[in-house]
Every structure is written in structure tokens, then in C-alpha cells.
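Just so you know, full-length UniProt numbering puts 251 at position 251 of the sequence shown, and the rest follows in order with no gaps.
Here is the structure we will look at, set down as C-alpha cells.
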Amino acid sequence: MSPLTAEQAATLDSLAVENFRKYLQIPSVHPHVDYEPCVQFLRAQAKGLDLPLKVYTVVEGKPIVVITWSGSEPALPSILLNSHMDVVPVFADKWAHPPFSAHTDAQGNIYARGAQDMKCVGIQYLEAIRRMRLAGATVRRTVHVAFMPDEEIGGVDGMRQFVHTEDFKGLNVGFALDEGMASPDDAFPVFYGERNIWHLVIHFPGTPGHGSLLLKDTAGEKVALFLNTLFEFRRSQVLKLAGDPTLTLGDVTTVNLTQLKGGVQSNVVPPELVATVDCRLPVTVDDAAFEAQVKKWLQEAGSDIWVEWEQKEPQVTPTKLDASNPYWLAFKRTMDELGLQVRPQIFPGGTDCRFVRSVGVPALGFSPMKNTPILLHDHDEYLNRAVFLEGVRIYARLIPARIGPAAAGVSRGDRCPISARHWSARFGVFADGRHRNGAASGQRAPEPHGFPARRRDLSGTDQEPGGRRADQKAAAGPVRSVRRRSEAPRRRTSKPMSEATGQKLPVDAHHCDGSKAAAVATKRLSMDASEQQPDSEAIAAVEEAPASVGEAPVPVEEAPAADKPKSRLKRSIIDTQENSKVDASGKIIEDY
Numbered sequence: 001m002s003p004l005t006a007e008q009a010a011t012l013d014s015l016a017v018e019n020f021r022k023y024l025q026i027p028s029v030h031p032h033v034d035y036e037p038c039v040q041f042l043r044a045q046a047k048g049l050d051l052p053l054k055v056y057t058v059v060e061g062k063p064i065v066v067i068t069w070s071g072s073e074p075a076l077p078s079i080l081l082n083s084h085m086d087v088v089p090v091f092a093d094k095w096a097h098p099p100f101s102a103h104t105d106a107q108g109n110i111y112a113r114g115a116q117d118m119k120c121v122g123i124q125y126l127e128a129i130r131r132m133r134l135a136g137a138t139v140r141r142t143v144h145v146a147f148m149p150d151e152e153i154g155g156v157d158g159m160r161q162f163v164h165t166e167d168f169k170g171l172n173v174g175f176a177l178d179e180g181m182a183s184p185d186d187a188f189p190v191f192y193g194e195r196n197i198w199h200l201v202i203h204f205p206g207t208p209g210h211g212s213l214l215l216k217d218t219a220g221e222k223v224a225l226f227l228n229t230l231f232e233f234r235r236s237q238v239l240k241l242a243g244d245p246t247l248t249l250g251d252v253t254t255v256n257l258t259q260l261k262g263g264v265q266s267n268v269v270p271p272e273l274v275a276t277v278d279c280r281l282p283v284t285v286d287d288a289a290f291e292a293q294v295k296k297w298l299q300e301a302g303s304d305i306w307v308e309w310e311q312k313e314p315q316v317t318p319t320k321l322d323a324s325n326p327y328w329l330a331f332k333r334t335m336d337e338l339g340l341q342v343r344p345q346i347f348p349g350g351t352d353c354r355f356v357r358s359v360g361v362p363a364l365g366f367s368p369m370k371n372t373p374i375l376l377h378d379h380d381e382y383l384n385r386a387v388f389l390e391g392v393r394i395y396a397r398l399i400p401a402r403i404g405p406a407a408a409g410v411s412r413g414d415r416c417p418i419s420a421r422h423w424s425a426r427f428g429v430f431a432d433g434r435h436r437n438g439a440a441s442g443q444r445a446p447e448p449h450g451f452p453a454r455r456r457d458l459s460g461t462d463q464e465p466g467g468r469r470a471d472q473k474a475a476a477g478p479v480r481s482v483r484r485r486s487e488a489p490r491r492r493t494s495k496p497m498s499e500a501t502g503q504k505l506p507v508d509a510h511h512c513d514g515s516k517a518a519a520v521a522t523k524r525l526s527m528d529a530s531e532q533q534p535d536s537e538a539i540a541a542v543e544e545a546p547a548s549v550g551e552a553p554v555p556v557e558e559a560p561a562a563d564k565p566k567s568r569l570k571r572s573i574i575d576t577q578e579n580s581k582v583d584a585s586g587k588i589i590e591d592y
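Okay, here's the thing in C-alpha cells:
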């Protein structure tokens with residue numbers, strides 16, 4: 001298939017921006033969201049892509065929309081591309097342009113609530129898939145594009161409940177992408193975990209009386225003692241963050257007084273004051289130890305103080321960013337190939353990602369918005385047209401990302417890999433490259449971005465780089481869960497031969513000569529999840545995509561940015577909730 005012409009690329013760009021603006025113009029704003037316009041808009045998008053759409057209802061009035069691109073091997077774990085339809089409230093008088101107009105200024109900035117958080121990402125998923133399908137790419141793993149209803153108010157009726165349903169289990173999700181955040185510089189933040197969210201409603205009872213008296217043990221005194229200690233701790237976290245440039249907000253604990261209620265009139269000492277505190281705990285903090293510390297602060301503030309837990313989430317294990325996670329390896333390699341720098345972080349707030357991770361599904365938060373001010377939930381939220389379109393092209397490369405030799409622990413340049421033939425025999429091949437054009441005739445499919453096309457034999461059957469036919473691997477069957485890798489015994493297949501002695505060598509021996517090692521290291525090999533080994537879970541969502549996907553042969557509009565340096569990521573090593581009483585309303589009550 002020939003690459004997209006300049007006219008075709010321009011048409012697709014215009015369509016993508018038009019769909020983005022139409023989506024932004026739907027005021028799906030809290031507190032009273034009308035979801036029906038969003039659902040109808042997404043139905044039209046699915047119809048235009050010739051993909052099925054299903055609406056799930058876990059809580060009445062909170063629709064969950066899923067558009068599905070079915071794979072040729074649906075038993076393989078699927079890819080979830082998640083976003084949310086809802087947006088936070090606006091103060092229209094503070095905006096330079098109407099917040100749901102999607103006004104575009106002379107610089108190409110598109111102004112609307114949701115431009116960054118996160119209607120942009122939902123449309124970028126769909127427009128990337130549109131380009132891939134128009135280019136003839138087919139899907140091996142099923143791809144689900146999901147639109148959640150209530151992420152902005154905690155996701156309690158959406159993703160939090162959805163992940164525990166049979167409907168979600170039926171999606172067979174193996175990996176998820178969700179929202180990230182804009183970056184003011186040239187590096188993309190990628191979020192592999194989130195801070196734990198606690199909301200404490202603290203009741204301070206005290207001695208009531210006339211305002212002219214000096215009463216003992218008043219509610220106000222207890223509040224003051226507690227807040228003095230709380231803000232001293234807060235200052236220590238501010239200094240910690242300021243003193244270490246390698247830390248981000250997600251690496252420290254934040255505590256903030258968000259509400260203070262009480263009193264009957266100005267000359268009466270109240271019988272009780274109530275303070276609400278927002279706490280965000282990083283993954284490095286022990287929940288039980290921090291709770292014990294808060295309990296100690298309250299005991300020091302006075303007697304009879306008690307806590308109502310408005311929100312007390314357990315800690316969720318972050319997604320690993322090492323060789324044990326092939327999804328991360330594929331993501332990182334693709335970004336490197338695109339010359340894009342990534343900056344792994346812990347997300348400072350909360351997204352639907354935490355619920356996906358809580359059921360054991362690895363997930364990354366990523367929004368391709370570099371050189372862009374962070375304006376989520378802010379006045380005059382906008383996203384530049386060029387930045388938006390660059391994101392479409394990035395997703396068109398990320399969705400078909402696949403794994404190579406380095407993913408199994410061989411670092412190119414510092415270890416000598418085994419031969420391509422025996423690598424293929426041991427680990428299999430990843431993507432099957434069945435393109436709509438030429439599939440029946442055995443014609444070679446066009447090469448995707450920087451990846452060598454798979455060989456095909458004369459019957460039209462795909463053939464891996466080592467010469468092994470895909471249909472010869474089918475008997476192994478699909479591997480359904482990345483969490484069962486350790487249960488499978490390591491299997492050896494063919495062994496490399498020593499050229500000098502003719503003797504068989506161990507499969508993982510590294511004794512090839514330098515010239516052969518260099519030649520082998522440059523080969524881009526991939527893995528087939530249908531022949532899974534303990535250390536090599538197949539990861540990509542789709543088969544090979546042709547060179548025209550997401551790119552045009554002529555210069556296209558680029559986001560304003562400096563040169564795109566490749567990043568070198570250091571390996572991240574990421575190292576319960578107490579029994580509580582529950583009142584009649586279902587809220588957690590604890591006495592301190």
C-alpha cells in the first residue's frame with residue numbers, strides 16, 4: 001500500500017480536529033451531567049470507523065461506552081485504551097472564550113473545558129485507529145476504547161465498580177493506557193502509579209459556652225493544636241520537595257485543610273468543630289505508620305476527637321518499569337524510536353488507572369502533550385492543534401508497538417545475544433502482519449515505521465525471521481495472563497551450534513563473535529504470545545501497520561518543540577486498610 005498523500009494526510013488532520021472540537025462542545029460537566037449527547041457522538045464515531053459499540057450500565061444513569069476493534073486471536077489478552085467523558089465545573093466569567101465553544105485562536109490553541117482533561121486523549125485513540133484501519137492494518141489482539149462517566153468525581157460509579165463485573169472480565173484486559181498530564185517542557189511524563197487518597201472528616205468536640213468566658217478544652221483549642229502539628233508536617237514535605245530536584249509532587253505526602261465547619265453564632269463557643277483534611281500518600285509511605293502518626297497528633301490535641309473516613313483507599317501496587325513488564329518495554333522502545341523523551345513519575349492525583357491496577361492489570365498514564373502549560377481544571381484550558389495532531393501520530397505508533405530481543409533481558413550493545421534463528425525458536429514471533437492488501441496472494445506487506453516486515457511463504461502464511469511458519473506455532477495456544485508467567489517451566493527448544501566444533505551450545509550462552517553479535521543485535525525480532533515463555537509475555541495490540549500509518553511523506557504540522565533527545569531511563573524498583581467501624585450511612589468511623 002502506498003503512503004498517504006499530502007492531501008489525504010491533510011484531510012485526516014482536519015477530520016481529527018473537527019471531531020475533537022465537536023466532542024469538546026458537549027457540556028458533559030458536573031454536577032449534573034447529561035451523558036446522552038456524548039453517547040450519541042461516540043456512536044457516530046464508531047459507525048464511521050465501522051466498529052461495534054456497547055454501552056454498559058453498572059450504576060443507572062452512568063453509562064460506560066466501549067468501542068471494540070476485534071482481534072484475529074481474541075483469546076489473547078486485550079489492550080484497553082481508557083478515557084472519561086465527564087469534565088469539572090467552570091467559572092465562565094473567568095474565561096477569555098466560552099468554555100464549551102472550542103474556540104480556536106490564531107496560534108491554533110483550542111479553548112474548552114476538557115481540552116487537556118481528557119477529551120483530547122479519547123479522540124486521539126479513535127483517530128489513530130482510523131489511520132491504521134485506512135492503511136489496512138488488522139488487529140491480532142483485541143483493542144477496547146473505553147469512555148468512563150465519572151472519573152472527575154472519583155470514579156466510584158464507573159471504573160471502580162466496572163473492574164469487578166463479569167463484563168469487565170469478559171474484555172480480557174492485559175494492559176491499559178489512561179490519562180497523564182501536560183508537560184511544560186520537551187519530556188512526556190508517564191505515570192506508573194498513583195498516590196493513595198485519604199479524606200478525613202475530623203470531629204473536635206469541646207466545652208460550649210458564652211463567648212466572653214475562658215473555657216477549658218474548647219473545640220477551637222483542639223483544632224488549633226492539631227492544625228499546628230499538621231502544618232508543621234506539611235512544611236517538612238515542602239522542604240523535602242524543594243531540596244531534591246529529582247523528586248516530583250507524587251513522591252511526597254501532601255496534607256491540606258479543605259473544609260472547616262461549626263459554630264452557631266458569633267458570641268457562642270461551639271460544642272463541636274469539624275475539619276476535613278485531604279491526604280495524598282506516595283507509594284513509598286507505609287499506610288499503617290502514617291495512620292498511627294495522625295492518631296498520635298489527634299491524641300495530643302485533646303480528648304474525645306473522632307474521625308469519619310470520607311475516603312480511605314488501600315495502597316495499589318504500581319506498574320513495574322523493568323524487564324518483567326513487556327508492555328513497558330514496548331512503550332519505552334517505541335518512544336525511543338520516535339526520539340521522544342519520557343519521564344516516569346507517580347501521578348500526584350487520582351485517575352481511573354488505580355482501579356485497573358487494583359485488579360492486577362498493568363497500566364500507564366500518558367497524555368501526549370509536551371511543551372504545553374498544565375491547565376487541567378484551570379480557567380482558559382486549551383490544547384494546541386499541532387500538539388493534538390502529534391498525539392494522534394504518537395498513538396498510531398504506540399498501539400502496534402511490539403517487543404524485541406532486549407525485552408528478554410539482552411541489552412543491545414553490552415551483551416552478545418544468541419542468533420536470530422535460535423532466538424526465534426526459543427521465544428517465538430510477536431505480530432502476524434496480516435494486511436488486507438496482498439494477504440491472500442502471499443504478497444509482502446509494506447513495512448511499518450522502522451520495523452522490518454515479516455516474511456511470508458508462497459502460500460501466504462506468515463513466516464517469522466528465523467524461518468518458522470506461524471501455523472507451526474499455533475498448537476502452543478494463547479497465554480491469557482501475564483501474572484502466571486512464573487508458573488510455566490522454562491522450555492528449551494533448539495540449541496545453537498558451535499561453528500568450530502559442531503557441538504550444541506546452551507541456548508542462553510553468549511559466545512558468538514563480535515561481528516555476528518553486532519549483526520544480530522540490529523535485527524528487530526518480535527514475540528508471539530501464542531508461544532509464551534516465563535520471561536517473555538507478548539505485548540503488542542495489533543499486527544504490523546504499514547508505513548503510511550500516522551505519517552505523511554511530506555512535512556506535516558509539528559508541535560513547537562526543541563530537538564527530541566532520546567532518554568535513558570534508569571530501572572525503577574518499586575518496592576491495608578485497618579478494620580474500622582461503619583455507621584448506618586456506610587461511612588467508616590474511628591475513635592482516637
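Built from N, CA and C at the ideal position, the CB exists for glycine as well.
Could you tell me which residues DSSP pairs with residue i in its beta bridges?
i    : result
Q259 : T276
S358 : BP columns for S358 are empty, so no partner.
D336 : None; D336 has no bridge partner.
S83  : F147
A176 : L80 and A363
P189 : R343
For residue i, report the span of its beta strand (DSSP E) as first-last.
i    : result
E310 : W306 to K312
A323 : Note, A323: premise wrong, no beta strand (DSSP E); not H, not E.
L171 : Unbroken run through L171 is the alpha helix (DSSP H), E166 to L171; no beta strand (DSSP E).
T317 : No beta strand (DSSP E) contains T317, which DSSP labels as neither H nor E.
S183 : Neither: S183 is in no beta strand (DSSP E) and is coded neither H nor E.
G365 : A363 to G365
I67  : K62 to W69
V59  : L53 to V59
In or out: residue i buried (at least 16 other Cβ within 10 Å) or exposed?
i           : result
S14         : exposed
L76         : buried
S236        : exposed
D457        : Because D457 sits at a pLDDT of 29, beneath the cut-off of 50, its placement in the model cannot be relied upon, and the point is left open.
E487        : Because E487 sits at a pLDDT of 44, beneath the cut-off of 50, its placement in the model cannot be relied upon, and the following sentence gives the value as read from the coordinates. Exposed.
N19         : buried
N228        : exposed
F347        : buried
residue 633 : The structure shown does not extend to residue 633, since the chain spans only 1 to 592, so no value can be given for it.
H30         : exposed
E232        : exposed
F188        : buried
V145        : buried
P314        : exposed
F91         : exposed
T5          : exposed
T246        : exposed
P184        : exposed
D244        : exposed
How far does the alpha helix (DSSP H) with residue i in it extend, from its first residue to its last?
i    : result
S14  : A6 to L24
K347 : Per the sequence presented here, residue 347 reads as Phe, with Lys not at that position. From DSSP, F347 is part of no alpha helix (DSSP H) but of the beta strand (DSSP E) over Q341 to F347.
Y395 : R385 to L398
A46  : E36 to L49
Please tell me whether residue i has its Cβ less than 7 Å away from any Cβ of chain D.
i    : result
D378 : Structure shown: chain D not included; a single protein chain is present.
The stretch 79–88 touching the stretch 21–39, judged by at least three CB pairs closer than 8 Å: yes
Sequence ranges, alpha helix (DSSP H) only - wholly within the stretch 100–158, length at least 4: 119–134
Ordered list of alpha helix (DSSP H) runs contained in the UniProt domain "Peptidase M20 dimerisation" (192–302), each at least 4 residues: 219–243 and 287–301
Contact the stretch 198–208 vs the stretch 301–312: 3+ CB pairs below 8 Å: yes
The stretch 115–133 in contact with the stretch 385–398 per 3-pair CB rule at 8 Å: yes
Touching by the beta-carbon criterion (3+ pairs, under 8 Å), the stretch 173–183 and the stretch 353–369: yes
Cβ pair count under 8 Å reaching 3, the stretch 107–116 against the stretch 42–53: no
The stretch 185–199 touching the stretch 91–102, judged by at least three CB pairs closer than 8 Å: no
Three-pair Cβ contact test at 8 Å for the stretch 272–282 versus the stretch 250–262: yes
Cβ pair count under 8 Å reaching 3, the stretch 327–339 against the stretch 393–403: yes
Cβ pair count under 8 Å reaching 3, the stretch 59–75 against the stretch 137–149: yes
Stretch-stretch touch, CB-based, cutoff 8 Å, three pairs: the stretch 208–228 with the stretch 331–343: no
Meets three-Cβ-pair contact criterion under 8 Å: the stretch 205–216 and the stretch 310–325: no
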